[in-house]
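Just so you know, we're using this note's numbering here: the sequence shown kicks off at 271 and counts up by one. A quick write-up on the structure given underneath.
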Amino acid sequence: MLKSDVLKRCREIGLIPVLRADSEDQALALASAVAAGGVTVMEVTMTVPGAIRVMRKLAEQRPDILIGAGTVLDPESARACILEGAQFIVSPALNVKTIEMCHRYSIAVLPGALTPTEILTAWQAGADVVKVFPASALGGAKYLKSIKAPLPQVELIPTGGVSQATAYEFLQAGAFALGVGADLVDPKAIANRTPETITENARKYLEIVRNFRSGKPA
Numbered sequence: 271m272l273k274s275d276v277l278k279r280c281r282e283i284g285l286i287p288v289l290r291a292d293s294e295d296q297a298l299a300l301a302s303a304v305a306a307g308g309v310t311v312m313e314v315t316m317t318v319p320g321a322i323r324v325m326r327k328l329a330e331q332r333p334d335i336l337i338g339a340g341t342v343l344d345p346e347s348a349r350a351c352i353l354e355g356a357q358f359i360v361s362p363a364l365n366v367k368t369i370e371m372c373h374r375y376s377i378a379v380l381p382g383a384l385t386p387t388e389i390l391t392a393w394q395a396g397a398d399v400v401k402v403f404p405a406s407a408l409g410g411a412k413y414l415k416s417i418k419a420p421l422p423q424v425e426l427i428p429t430g431g432v433s434q435a436t437a438y439e440f441l442q443a444g445a446f447a448l449g450v451g452a453d454l455v456d457p458k459a460i461a462n463r464t465p466e467t468i469t470e471n472a473r474k475y476l477e478i479v480r481n482f483r484s485g486k487p488a
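Structure below.
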């Protein structure tokens, strides 16, 4: 898939669920539950045991899912993820050499940043979208709106503090898409054998995105 198509799909769905799990099997179950709710973009973090194998299995078994690699801290890890099927790379921080590696492979890259200086540095270094993390630390949606005012050209994905209660407000503030963690991708639901709660929450998030785009109130 072309990088432009990857970014288009992320924007269209409006969500990038962040998969953190205690095992490969749990990660695969989380991915299936999220996808069953209609959200077919997701980020598998490198903190998952066997994360590379999870990406490989998803690439082979679930071609309908757009797989990204998260918590990628260096270019070597980025390359390993790309070779196993990751179609976008996400990091909690800015590493310019990781951006350069993604450019080499024409892969979308979403480095993390928080302050205006970090965000602009990431954008100027070639980030396709900047992950504002942790978004809740400096005021949540209000902070995102403050950043977009002087930097309207910079595409931002808030992550950290995004929930069903705050999602609409983040979209109003100008978010490219929403990075959603445990509020959607909850490993406890898999442990408790209630994956349907994840599926239902995925549908609720998509409804919030649809309501925002159609102009319906939160």
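We treat Cβ as the ideally placed atom computed from N, Cα and C, and that holds for glycine. Remember, predicted model here, so these are calculated numbers, not experimental data.
Applying the criterion that 16 or more other CB atoms from any shown protein chain within 10 Å of the CB defines a buried residue, is residue i buried or exposed?
i	result
G430	buried
E282	exposed
M371	buried
T341	buried
T387	exposed
M271	exposed
E466	exposed
E330	exposed
P381	buried
A435	exposed
L426	buried
D456	buried
L353	exposed
D292	exposed
P287	buried
A488	exposed
D401	Per the sequence shown, residue 401 should be read as Lys rather than Asp. That one is buried.
Just grab the DSSP bridge partners of residue i for me.
i	result
I286	G449
L426	V400
F358	G338, A378
T315	G340
A383	V402
May I ask which residues mark the beginning and end of the alpha helix (DSSP H) holding residue i?
i	result
V437	Here the sequence assigns Ala to residue 437, which means Val is not the residue at that position. Where A437 is concerned, the enclosing alpha helix (DSSP H) stretches over 437-442.
A299	294-306
V432	Here V432 belongs to no alpha helix (DSSP H), and DSSP marks it neither H nor E.
N462	Note, N462: premise wrong, no alpha helix (DSSP H); not H, not E.
M231	Absent from the structure is residue 231, since the part of the chain shown begins at 271 and ends at 488.
K412	411-418
A348	345-353
Residue i CB to nearest chain C CB: under 8 Å?
i	result
V311	Included in the structure is just one protein chain, with no chain C present.
What number of angstroms, rounded off, separates the C-alpha of residue i from the C-alpha of residue j?
i	j	result
E313	A303	14 Å
R290	V318	6 Å
I468	S274	29 Å
A350	Q442	36 Å
G284	Y475	9 Å
S361	A378	12 Å
D453	A437	11 Å
I389	A407	15 Å
R332	A306	12 Å
L343	T368	8 Å
R463	A321	22 Å
I460	V309	17 Å
Y268	P428	Because the chain in this structure spans residues 271 to 488, residue 268 falls outside the shown range and cannot be described.
R326	R279	20 Å
A411	D334	31 Å
I359	S484	30 Å
S416	A447	17 Å
Y413	A356	30 Å
E477	A392	31 Å
V324	A383	26 Å
G449	A405	10 Å
S433	N365	27 Å
Counting along the chain, where does the beta strand (DSSP E) carrying residue i start and finish?
i	result
A339	336-340
Next item on the list: For the region 418-425 and the region 291-302, state whether three or more C-beta atom pairs, one from each stretch, are separated by less than 8 Å.
Entry: no
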